[in-house]
Amino acid sequence: MINSKRLTRRGLLAIGVAGAGSLLLAGCGTVAAPQPAAEQMEEKAEPAQEAAPGYTPVTVENCGFTITYDRPPQRAITLSQEATELMLALGLQDSMVGTSYLRDWVHPDFQAAFDQIPVLAEKYPSHEVILGTETDFVYAAFVSAWEREDVAGPRDALLELGIASYQSAANCKDGKVTVEDVFEDFLKVGQIFGVTERAEAYVEEQRARLADIRAKVGSRDPKVSVFIYDGGTDSPYAAVGTGMGNALVEEAGGINIFADVEGLYATVNWETVVERDPDVIVLFDMPGWSTAAEKIEYLEKTEALHSIKAVQNKRYVEVRFTVANPGIYTIDTIELLVNAFYPE
Numbered sequence: 054m055i056n057s058k059r060l061t062r063r064g065l066l067a068i069g070v071a072g073a074g075s076l077l078l079a080g081c082g083t084v085a086a087p088q089p090a091a092e093q094m095e096e097k098a099e100p101a102q103e104a105a106p107g108y109t110p111v112t113v114e115n116c117g118f119t120i121t122y123d124r125p126p127q128r129a130i131t132l133s134q135e136a137t138e139l140m141l142a143l144g145l146q147d148s149m150v151g152t153s154y155l156r157d158w159v160h161p162d163f164q165a166a167f168d169q170i171p172v173l174a175e176k177y178p179s180h181e182v183i184l185g186t187e188t189d190f191v192y193a194a195f196v197s198a199w200e201r202e203d204v205a206g207p208r209d210a211l212l213e214l215g216i217a218s219y220q221s222a223a224n225c226k227d228g229k230v231t232v233e234d235v236f237e238d239f240l241k242v243g244q245i246f247g248v249t250e251r252a253e254a255y256v257e258e259q260r261a262r263l264a265d266i267r268a269k270v271g272s273r274d275p276k277v278s279v280f281i282y283d284g285g286t287d288s289p290y291a292a293v294g295t296g297m298g299n300a301l302v303e304e305a306g307g308i309n310i311f312a313d314v315e316g317l318y319a320t321v322n323w324e325t326v327v328e329r330d331p332d333v334i335v336l337f338d339m340p341g342w343s344t345a346a347e348k349i350e351y352l353e354k355t356e357a358l359h360s361i362k363a364v365q366n367k368r369y370v371e372v373r374f375t376v377a378n379p380g381i382y383t384i385d386t387i388e389l390l391v392n393a394f395y396p397e
């Protein structure tokens, strides 16, 4: 059995911190740099300021929002581990005033930088806590941060307060997610914070590793069939045809047995899993909800599933849910899967 805890970060860049400067942004019109919550209620937006010296203004489209930045954000907060680690990979810790929703542990390369940043909450911080940071930039991996009024709230409402926002591109995409969506996040966040060269260098190195992987697995025939088991017992929840889980398996030279099902995730049934008979089962490990060990126990104690080749041969691959999401671990996770699918 392969375990994603063995992942290493090969090729992470040693990069410095972003330049200082305040933010001015324009989405639906130009708004002022953010103020403390009380002042926001009393004052109207100020006129636009000139661009920060040495910063190239950039207009960024992200998940249906278009925002123009005249200055890099100074007081960013992150609402997911994926967002936090991407920011740290680009050396932006000095531009951060808060993090949250650390699902497991920060990569050791970034622990010292992470320790400098206030942790706002174990999971999502409240709306009041977010505004209390006087943030000028909120970065979340998942749409739930904007859907909940008690968390960040709608992105357009934040924009009216002078607060820019960004969401992981892969988690708002219409259509099939690819690794390029991960690279898009690095490049756009790099533009926003004025560290384009760092982001481009990081993506170039990651693309080179991906090219090596594709050269290794591209000619494989036959390819292994894979069930990506997220959770559930009576009716399993699976990563299906258009999400990041499917992209990881495909890049690793596997075939997702539920690639024909549209969506990021879906509830499926065990009868179909048995019928499609996967060679390998990828198990997302989510302590506190559905661990890989719990899923293996269920597979092996349920007689109706014993005919599945992956169960018979104990071909399980444990993958931390964090590293299965778009972010700094994407290429590492693909390499992990390649080694599990084709161990020779």
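Heads up: the sequence shown runs through residues 54 to 397, numbered per this note's numbering. Glycine included, each C-beta is placed from N, C-alpha and C at the ideal position. Just so it is clear, the structure is predicted and the values come from calculations on it, not from any experiment.
Beta-carbon spacing of Glu-233, Ile-381 below 8 Å
In this structure, Ile-381 does not lie closer than 8 Å to Glu-233 by Cβ.
Under the rule that 16 or more other beta-carbon atoms within 10 Å means buried, what is Asn-322, buried or exposed?
Exposed: under 16 other Cβ atoms inside 10 Å.
Beta-ladder partner(s) of Ser-360, from DSSP:
None, per the DSSP bridge assignment.
What does the alpha-carbon distance come out to for the pair Asp-189 and Ala-264?
When the Cα atoms are used, Asp-189 and Ala-264 turn out to be separated by approximately 37 Å.
Helix, strand or coil for Thr-386 per DSSP?
When DSSP states are grouped into helix, strand and coil, Thr-386 belongs to the helix group.
Identify every residue that forms a DSSP beta bridge with Phe-18.
Summary: the structure shown does not reach residue 18, with the chain confined to residues 54 through 397, and so no result is reported for it.
Suppose you measure from the CA of Asp-157 to the CA of Phe-374; what does that come to, to the nearest Å?
Rounded to the nearest angstrom, the two C-alpha atoms are 9 Å apart.
Comparing alpha-carbon positions, which option in Gln-134, Phe-337, Gly-107 and Asn-366 lies nearest Gly-151?
Residue nearest to Gly-151 within the set Gln-134, Phe-337, Gly-107 and Asn-366 is Gln-134 (criterion: CA-CA distance).
For a quick check, are the C-beta atoms of Val-302 and Leu-390 less than 8 Å apart?
Val-302 is a Cβ neighbour of Leu-390, given a cutoff of 8 Å.
Would you kindly work out how many angstroms separate the C-alpha atoms of Gln-93 and Glu-250, rounded to a whole number?
Any reading at Gln-93 must be qualified, since the residue scores a pLDDT of 36, below 50, and its modelled position is unreliable; the value itself is stated next. One C-alpha to the other measures close to 35 Å.
Taking the alpha-carbon of Ser-360 as reference, which of Arg-329, Val-335 and Pro-125 has the nearest alpha-carbon?
Measuring from the Cα of Ser-360, the nearest candidate turns out to be Arg-329.
Terminal residues of the alpha helix (DSSP H) in which Thr-286 lies:
Careful: Thr-286 lies outside any alpha helix (DSSP H) and carries neither H nor E.
Give the straight-line distance between the Cα atoms of Phe-163 and Met-140, rounded to the nearest whole angstrom.
Here the alpha carbons of Met-140 and Phe-163 stand approximately 10 Å from one another.
Could you please give the first and the last residue of the uninterrupted alpha helix (DSSP H) stretch that includes Glu-398?
No information on residue 398 is available, as it lies outside the stretch 54 to 397 that the chain covers here.
In angstroms, rounded to a whole number, what distance separates the CA positions of Glu-356 and Ile-349?
If you take the alpha carbons of Glu-356 and Ile-349, they lie about 13 Å apart.
Classification of Pro-171 by the beta-carbon crowding that lies within 10 angstroms, buried from 16 upward:
So Pro-171 ends up on the exposed side.
Applying the criterion that 16 or more other CB atoms from any shown protein chain within 10 Å of the CB defines a buried residue, is Ala-91 buried or exposed?
In this predicted model, Ala-91 has a pLDDT of only 35, less than 50, meaning its place in the structure is not dependable; the value taken from the coordinates is given anyway. Ala-91 comes out exposed.
Enumerate in chain order the residues of its own chain whose CB-to-CB distance from Gly-206 is below 8 Å, with the five nearest sequence positions on each side excluded.
Excluding positions up to five away in sequence, the list reads His-180 and Trp-199.
According to the neighbour-count rule (16 or more other Cβ atoms, all chains shown, within 10 Å of its Cβ), is Ser-343 buried or exposed?
Ser-343 comes out buried.
In this structure, does DSSP put Ser-343 in helix, strand or coil?
Assigned with DSSP and collapsed to three states, Ser-343 falls in strand.
Beta-carbon proximity list for Ile-308, same chain, < 6 Å, skipping 5 on both sides:
Excluding residues within five positions, the ones whose Cβ falls inside 6 Å are Lys-276 and Ser-278.
Could you tell me how far apart the beta carbons of Ala-319 and Ala-291 are, in whole angstroms, since I believe they sit closer than 8 Å?
Going by Cβ atoms, the distance from Ala-319 to Ala-291 rounds to 6 Å, so yes, they are a contact pair.
Nonlocal neighbours in the same chain, by C-beta distance under 8 Å from Pro-340, ignoring five residues either side
If we look at Pro-340 and ignore the five residues flanking it on each side, its Cβ neighbours are Asp-157.
I'd like the list of long-range same chain contacts for Arg-260, defined as Cβ closer than 8 Å, with 5 residues on each side in sequence excluded.
Same-chain partners within the cutoff: Phe-236.
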